[in-house]
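The block underneath contains the structure these notes are about, expressed in structure tokens.
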Amino acid sequence: MNGIYAILLREVKIFFREKERIISILVSPLLFLFVIGRSIGTGANPVRDTPVEVAIKNAENIQIIEGQTKDSLQSTVVQARPISNGASPVQGYTYQQFIFPGILVMVCLFTSITYGLYIIWDKRLDFLKEVLVAPISRTSLFMGKSIGGITGAMIEVVIVLLIGYFFILPVPLWKFLLCVLWLIPVSYMVANIGLSIGARMKSMEGFGLVMSFLTWPMFFFSGALFEISGTSPVIKTISFFDPMTYAVDMVRRILLGYGNFSAYTNITAVGFFAVLTTFIGIKFFGELQQTK
32 MNGIYAILLR EVKIFFREKE RIISILVSPL LFLFVIGRSI GTGANPVRDT
82 PVEVAIKNAE NIQIIEGQTK DSLQSTVVQA RPISNGASPV QGYTYQQFIF
132 PGILVMVCLF TSITYGLYII WDKRLDFLKE VLVAPISRTS LFMGKSIGGI
182 TGAMIEVVIV LLIGYFFILP VPLWKFLLCV LWLIPVSYMV ANIGLSIGAR
232 MKSMEGFGLV MSFLTWPMFF FSGALFEISG TSPVIKTISF FDPMTYAVDM
282 VRRILLGYGN FSAYTNITAV GFFAVLTTFI GIKFFGELQQ TK
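Here the sequence shown is numbered in this note's numbering, starting from 32 and rising by one per residue.
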């Protein structure tokens, strides 16, 4: 435990020293949230914004012409899909509020996975050589760095949650805390992926390419920006195997009360991927060698 704490403390100190990194990681999510989210939300079709009550009243006016009874016509209208606010598929919420859970997961994803980059830095600075000969197991080294990734990601998540509370979606304190609690295992899973990649890579450039190739598809196929149920079968299939899909769905369920999967499914899926990435990361760290 002392070894894990020592590695964790070092990672946290590095995180707070790099203030530019904290700001730079927040730029892309905030652009998605305030530019894309606000633009699409305000560009909605006015027909979609027609209140349900007006639609029923208009339907009642034409029932005589169509020869239908009032009860059957009302039943037909009421059972139709609820008219949503703006371009959001969730009734009562704007599109900006709809993508807010996905943006939180985006922050968690991009912050956590970049911790694999520090492994390559440690190789170049010969710090890894000192750690490998120290009386600390590879598992402790891996766990310390992974928990360090959680710490950094949670700080950024709290920042975005506070921004969202004041400008986008005010939520009760219990939802705030539950959201942070849920994103801890999500961050752990993503940090494991980044560390596993970093353990195999020899150059920072190569890690950057792999990270871009991996993170953006994971984000886009997660349903962070759109409703998965309304997409093609191919996208649905890919999203099913994307761990971020379940992370986004659970956050959306917590904040908006809406989701495509049950809470049990989301927890099981993220738990499975977290355990899987832990075993992969420990295996790769067991084969880790000091190279420049």
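The beta-carbon is built from N, C-alpha and C at its ideal position, and this holds for glycine as well.
Rounded straight-line distance, which links the Cα of residue 216 to that of residue 293:
Against the sequence shown, residue 293 aligns to sequence position 262. Against the sequence shown, residue 216 aligns to sequence position 185. Between residue 293 and residue 216, the C-alpha separation is close to 17 Å.
Should the stretch 309-319 be called in touch with the stretch 281-293, which here means at least 3 C-beta pairs below 8 Å?
Using a C-beta cut-off of 8 Å, the stretch 309-319 makes no contact with the stretch 281-293, since fewer than three inter-stretch Cβ pairs fall below that distance.
Looking at the structure shown, is residue 273 part of a helix, part of a strand, or coil, going by DSSP?
The count along the sequence shown starts at 1 and reaches residue 273 at position 242. Three-state DSSP puts residue 273 in coil, outside helix and strand.
Meets three-Cβ-pair contact criterion under 8 Å: the stretch 188-208 and the stretch 270-282
no
How close, in whole Å, do the beta carbons of residue 130 and residue 212 come, if the pair is a contact with beta carbons under 8 Å?
Position 99 of the sequence shown, counted from the start, is the residue given in the question as residue 130. Position 181 of the sequence shown, counted from the start, is the residue given in the question as residue 212. Their Cβ separation, rounded to whole angstroms, is 21 Å, which puts residue 130 and residue 212 out of contact at 8 Å.
CA nearest to the CA of residue 302, picked from 56, 214, 140, 243:
To locate residue 302, count along the sequence shown from 1; it is residue 271. Looking at the Cα atoms, 214 is the closest of the given residues.
Let me know the secondary structure DSSP gives residue 122 once reduced to three states.
Working through the sequence shown from its first residue, we reach residue 122 at position 91. Coil at residue 122, not helix or strand.
Along the chain, which unbroken stretches of the alpha helix (DSSP H) at least 4 residues long are found entirely within the stretch 158-210?
158-164, 169-198, all fully within the stretch 158-210.
Hey, is the stretch 142-157 in contact with the stretch 258-265, meaning 3+ C-beta pairs nearer than 8 Å?
Proximity of the stretch 142-157 to the stretch 258-265 falls short of the contact definition, fewer than three beta-carbon pairs being nearer than 8 Å.
Starting from residue 317, trace the alpha helix (DSSP H) in both directions and tell me its first and last residue.
Residue numbering aside, residue 317 sits at position 286 when the sequence shown is read from its first letter. 294-317 is the extent of the alpha helix (DSSP H) around residue 317.
Taking all protein chains shown into account, do 16 or more other C-beta atoms lie within 10 angstroms of the C-beta of residue 270, making it buried, or fewer, making it exposed?
Within the sequence shown, residue 270 is the residue found at index 239, counting from 1. So residue 270 ends up on the buried side.
Go through its chain and collect everything with a Cβ distance to residue 252's Cβ below 8 Å, but skip five positions before and after it.
Indexing the sequence shown from 1 puts residue 252 at position 221. Result list for residue 252: 266, 269, 270, 273, 275, 276, in chain order.
I'd like the list of long-range same chain contacts for residue 188, defined as Cβ closer than 7 Å, with 5 residues on each side in sequence excluded.
Here the question's residue 188 lines up with position 157 in the sequence shown. Correct list, in chain order: 135, 138, 139, 211, 214.
CA nearest to the CA of residue 316, picked from 37, 145, 226, 57
Position 285 of the sequence shown, counted from the first residue, corresponds to residue 316. Closest by alpha carbon: 226.
Can you find the residues in the same chain that come closer than 6 Å, C-beta to C-beta, to residue 171, ignoring five residues on each side of it along the sequence?
Sequence index remark: in the sequence shown, residue 171 carries index 140 (1-based). Correct list, in chain order: 34, 35.
Cβ neighbour criterion (16 or more within 10 Å) applied to residue 221:
Locating residue 221 in the sequence shown gives position 190, where the first residue counts as 1. Looking at its Cβ environment, which holds 16 or more other Cβ atoms inside 10 Å, residue 221 is buried.
With a threshold of 16 other CB atoms inside 10 Å of the CB of residue 306, please say whether the residue is buried or exposed.
Numbered from 1 along the sequence shown, position 275 holds the residue referred to as residue 306. Counting Cβ neighbours within 10 Å, residue 306 comes out exposed, since fewer than 16 surround it.
Status (buried if at least 16 other CB within 10 Å, exposed otherwise) for residue 229
The residue given as residue 229 occupies position 198 in the sequence shown. When all chains shown are included, residue 229 counts as buried.
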